[in-house]
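Colleague: Residue numbers (the numbering used here): 46 to 541. Where a beta carbon is used, it is the ideal one built from N, C-alpha and C, also for glycine.
What follows is the structure in structure tokens.
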């Protein structure tokens, strides 16, 4: 992602320089850098994109606080927040919480606007140079952020790799790497030649690397890749489009999954907007059908994939923005992002596809009765509001895909091995009247095979944290105090 960001910045900087402007680049905290720049150029306005993600929202709050606390001779600069609206939404407060009701509004989509002509930049200010990858990486390593390596993807872990961990490590220790080098001497020459061919081809590629599937930065490059993606059914003689079509086929592990795999980073970095993707997809659909867009669906699966992806992204973004603007509920809602994905896509079978949709229909029709059984001790908690919220959420885009993922969970790795790989203390609060599991059998197996687990039994159903919140909060507080005191004791013994 970092390399893609640098490529996008390089393209943006060149685009601005072509118009007589420039992109200012500096290392440091946002509040300090912007405050320094405001003083240098004597800014009256600060323009920023409206954000909903918690981390970015926090950065903007820090910048506003830093600037507002500083006295300026020419007056405090005004913050102006902008966004690229996808739908013509007049009032966010009137936005329905149900996606099903939202579709009934049939809101019109806005079209992209032409880039404005910028004034010539003639100020003597240090504009900074575009950093290289190693410089940025070195700077980030000094920041208190968590490395991506701390995340363990269970999707890539097989049961054999965990259960036979010691056997595998012993086999690696006994193997002689020199033997493999000798056997591959002849292949190295061929591999070197192929690498030269690939490096020559990558210059015209729309991707950042030969192995990667993410389209690299640069608006023109992304638009070229999008044109190739939409025209997949037409075929092509162009090398760069053929390469994209090949990676499209590999990434299409599920219907429409290839669009997110190829263009997810470009959308996340803002190299291309959601409404521009929608505009280009509809424009191509009209070209295919003599200016007509059918109300029964799109003529190309790639068009459907692109439109469905950006429309669902915009819907969730609007919901998050509404929650922040209207301050609904008791607690503020925080929207987090990890690698720009909410759900990790995986290969699903046709049977799982059918089961997920049948299960969804069943759950919608029986939601009230199922909830009452899951709250046997305090049935009043399963009220009409909770049932209505679950039914509303069941119409959100992506719900069938989540159910498909549940039906395809890999159960080959025993739970106690997953707990051991975690390495820390674990608290399990089990409702003994849970209708969806055999509670006594489950707890007996945990006590037998999991040594780091603390178990608390409650006279509750499937959701004890919601059914008996006071009891659960008390258990959590007591367990956290015990765990913290144990950690402090261990650290003190180590230091001694």
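(1) Among residues of its own chain, excluding the 5 on either side of residue 327, which ones have a beta-carbon nearer than 7 Å to its beta-carbon?
(2) Note down, in chain order, each residue of its chain lying with its Cβ closer than 8 Å to the Cβ of residue 265, except the 5 sequence neighbours on either side.
(3) Could you tell me whether the segment 116-123 touches the segment 407-415, where touching means 3 or more Cβ pairs closer than 8 Å?
(4) Which of the three DSSP states, helix, strand or coil, is assigned to residue 127?
(5) Decide if the segment 100-112 is in contact with the segment 315-323; the criterion is three or more beta carbon pairs, one per stretch, under 8 Å apart.
(6) My output table needs one value for residue 413: the three-state DSSP class, helix, strand or coil.
(7) Between the Cα of residue 421 and those of 113, 505 and 78, spot the shortest distance and give me the residue it belongs to.
(8) Looking at the structure shown, is residue 91 part of a helix, part of a strand, or coil, going by DSSP?
(9) On a Cα-Cα basis, can you pick out the residue from 414, 496, 525 and 440 that is closest to residue 480?
(10) Unbroken alpha helix (DSSP H) runs of length 4 or more, entirely within the segment 430-498: which are they?
(11) From the DSSP output, read off the bridge partner residues of residue 260.
(12) Leaving out the 5 sequence neighbours to the left and right, which residues in its chain are closer than 7 Å to residue 563 when beta-carbon positions are compared?
(13) For residue 571, which beta-bridge partners are listed by DSSP?
(14) Which of the three DSSP states is assigned to residue 154 in this structure?
(15) I need the straight-line Cα distance from residue 156 to residue 403, nearest angstrom please.
(16) Tell me, to the nearest whole angstrom, how far the beta carbon of residue 47 is from that of residue 178; I am working on the premise that it is less than 8 Å.
(17) For residue 58, which residues in the same chain have their Cβ closer than 8 Å to its Cβ, ignoring the five residues on either side in sequence?
(18) Could you tell me the boundaries of the alpha helix (DSSP H) in which residue 84 lies?
(19) Tell me the DSSP secondary structure of residue 523 in three-state form.
(20) If contacts are defined as beta-carbon pairs under 8 Å, then residue 464 and residue 471 qualify, I think. What distance do you get, rounded to the angstrom?
(21) Taking its Cβ as the centre, do 16 or more other Cβ atoms sit within 10 Å of residue 476, making it buried, or is it exposed?
(22) Cβ of residue 307 within 8 Å of Cβ of residue 258?
(23) Using the Cα positions of residue 300 and residue 350, report the straight-line distance between them to the nearest angstrom.
(24) Count the C-beta pairs between the segment 292-299 and the segment 78-91 that are closer than 8 Å, then say yes if the count reaches three, no if not.
(25) Along the alpha helix (DSSP H) that carries residue 509, what are the first and last residues, could you check?
(26) What does a CB cutoff of less than 7 Å around residue 85 pick up in its chain, not counting 5 residues either side in sequence?
Modeller: This is what the structure gives:
(1) The residue you call residue 327 lines up with position 282 of the chain shown. Cβ within range, chain order: 338.
(2) The sequence position of residue 265 within the chain shown is 220, counting from 1. Excluding positions up to five away in sequence, the list reads 56.
(3) They do not touch, by the three-pair rule.
(4) Here residue 127 refers to the residue found at position 82 when the chain shown is read from its first residue. Assigned with DSSP and collapsed to three states, residue 127 falls in strand.
(5) Between the segment 100-112 and the segment 315-323, the count of C-beta pairs closer than 8 Å stays below three; the two stretches do not touch.
(6) By 1-based counting over the chain shown, the position of residue 413 is 368. Residue 413: helix per DSSP, three-state reduction.
(7) Counted from its first residue, the chain shown places residue 421 at position 376. Residue 505 holds the alpha-carbon nearest to the alpha-carbon of residue 421 among 113, 505 and 78.
(8) Stepping through the chain shown from its first residue, residue 91 is reached at position 46. Looking at residue 91 - three-state DSSP - the assignment turns out to be strand.
(9) Along the chain shown, read from residue 1 onward, the residue named residue 480 stands at position 435. Residue 480 has its Cα closest to that of 414, out of 414, 496, 525 and 440.
(10) Complete alpha helix (DSSP H) runs here, min 4: 444-452, 460-467 and 484-494.
(11) If you number the chain shown from 1, residue 260 lands on position 215. Its beta-bridge partners are 252.
(12) Shown here, the chain extends from 46 to 541; a query on residue 563 therefore has no answer.
(13) Past the boundaries of the shown model lies residue 571; the chain is included only from 46 to 541, so the question cannot be answered.
(14) One-based indexing of the chain shown puts residue 154 at position 109. In the structure shown, residue 154 sits in a strand (DSSP, three-state: E or B).
(15) Walking along the chain shown from the start, residue 156 turns up at place 111. Walking along the chain shown from the start, residue 403 turns up at place 358. If you draw a straight line from the Cα of residue 156 to the Cα of residue 403, it is about 38 Å long.
(16) The count along the chain shown starts at 1 and reaches residue 47 at position 2. The count along the chain shown starts at 1 and reaches residue 178 at position 133. Between residue 47 and residue 178 a beta carbon distance of about 7 Å is seen, short of the 8 Å cut, so the two are scored as contacting.
(17) Position 13 of the chain shown, counting from 1, holds the residue named residue 58. Contacts found: 67, 68, 70 and 175.
(18) As a working note, residue 84 is residue 39 in the chain shown. First-last of the alpha helix (DSSP H) with residue 84: 75-86.
(19) Within the chain shown, residue 523 is the residue found at index 478, counting from 1. Note: residue 523 maps to helix in three-state DSSP.
(20) The residue you call residue 464 lines up with position 419 of the chain shown. The residue you call residue 471 lines up with position 426 of the chain shown. At roughly 6 Å, the Cβ-Cβ gap stays under 8 Å, so residue 464 and residue 471 are in contact.
(21) Locating residue 476 in the chain shown gives position 431, counting from the first residue. Classification of residue 476: buried, given that the 10 Å Cβ count is 16 or more.
(22) Locating residue 307 in the chain shown gives position 262, counting from the first residue. Locating residue 258 in the chain shown gives position 213, counting from the first residue. It is a contact, given that the beta carbons lie within the stated cut-off.
(23) In the chain shown, counting from the first residue as 1, residue 300 sits at position 255. In the chain shown, counting from the first residue as 1, residue 350 sits at position 305. Residue 300 and residue 350 have their C-alpha atoms spaced approximately 8 Å apart.
(24) The segment 292-299 makes no contact with the segment 78-91: fewer than 3 CB pairs, one atom from each, lie closer than 8 Å.
(25) Residue numbering aside, residue 509 sits at position 464 when the chain shown is read from its first letter. DSSP places residue 509 inside the alpha helix (DSSP H), whose first and last residues are 509-512.
(26) Taking the first residue of the chain shown as position 1, residue 85 is located at position 40. Same-chain partners within the cutoff: 170.
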